[in-house]
Amino acid sequence: MSNLFNRDRRRFEAFIRQHRPSLLGLARRLCARSSLEPEDLVQETFERAMPEFAHLKDRTDSAAAAWLCTTMTNRFLDYCRRQRTESRGMPHLALVQDLAVSPEETQENWALVSTDAFQKAIERLKPHLRDAYRLHAEGKRYNAIAEHFNVPVGTVGSWLTLARRDLKELLLPQVAVAREQGATSS
Numbered sequence: 000m001s002n003l004f005n006r007d008r009r010r011f012e013a014f015i016r017q018h019r020p021s022l023l024g025l026a027r028r029l030c031a032r033s034s035l036e037p038e039d040l041v042q043e044t045f046e047r048a049m050p051e052f053a054h055l056k057d058r059t060d061s062a063a064a065a066w067l068c069t070t071m072t073n074r075f076l077d078y079c080r081r082q083r084t085e086s087r088g089m090p091h092l093a094l095v096q097d098l099a100v101s102p103e104e105t106q107e108n109w110a111l112v113s114t115d116a117f118q119k120a121i122e123r124l125k126p127h128l129r130d131a132y133r134l135h136a137e138g139k140r141y142n143a144i145a146e147h148f149n150v151p152v153g154t155v156g157s158w159l160t161l162a163r164r165d166l167k168e169l170l171l172p173q174v175a176v177a178r179e180q181g182a183t184s185s
């Protein structure tokens, strides 16, 4: 078993050596006007590639490179969205973007909830739901969260669904009040 692990580790290290220079170049261009460090972006990309390596190593070099570049670009765009949301004075929106599932539950409605109210609602979640939701909001993938808790990936999906449901139940009354106050002041 350890020979298999060592062989895969060596293959992954070779994979990193092969693709790192081009990813670093892309990361430098992407991060030129942001506070994100190119090295950090490359590291995050390879961390995301690690669980997918079994599938990536069977792809052609160009297909693997395309997957890595797409993954890196998406990580960078996620970072920019979080920064933009936080710079507007609404850091909680980075966490509630996935709460809006119907047209009447727009992100604008969720923006009516204060950061403080949102943090208090998160604190009221059951500990395992709260921790899983925070890890997911930090950009951790389901399989990384599952490893963290030593549970199946499906359990993580269930926990996140329950966390979203509970957050909606806790916050919807505040959204309705804030919406009414906004309508009466217009």
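Residue numbers for the sequence shown follow numbering that gives the first Met the number 0, beginning at 0 and rising by one.
Even glycine gets a Cβ: it sits at the ideal position worked out from N, Cα and C.
The structure displayed is predicted, hence computed values, not measured ones.
Asked                                                                                                                                                                  : Found
Leaving out five residues before and five after residue 37 in sequence, what residues of the same chain have Cβ atoms less than 7 Å from its Cβ?                       : 23, 26, 27 and 30
State the CB to CB distance for the pair residue 43 and residue 74, rounded to an integer number of angstroms; the pair is presumed to be in contact (CB under 8 Å).   : 5 Å
Secondary structure at residue 36, three-state DSSP: helix, strand or coil?                                                                                            : coil
Is the Cβ-Cβ distance between residue 145 and residue 151 less than 8 Å?                                                                                               : yes
Out of 148, 114 and 116, point me to the one whose CA is closest to residue 127's CA.                                                                                  : 148
Decide yes or no for the touch test of the region 121-137 against the region 154-173: beta carbon pairs closer than 8 Å, at least 3 of them.                           : yes
Please state whether DSSP places residue 151 in a helix, a strand or coil.                                                                                             : coil
With a CB to CB cut of under 7 Å and the five nearest residues on each side skipped, what residues in its chain are close to residue 71?                               : 22, 25, 26, 40 and 44
Is DSSP giving residue 124 helix, strand or coil here?                                                                                                                 : coil
Assign residue 163 to one of three DSSP states: helix, strand, or coil.                                                                                                : helix
So, for residue 11: in the same chain, excluding its five sequence neighbours on each side, which residues have a beta-carbon less than 6 Å away from its beta-carbon? : 52
When burial is assigned at 16 or more other CB atoms within 10 Å of the CB, is residue 6 buried or exposed?                                                            : exposed
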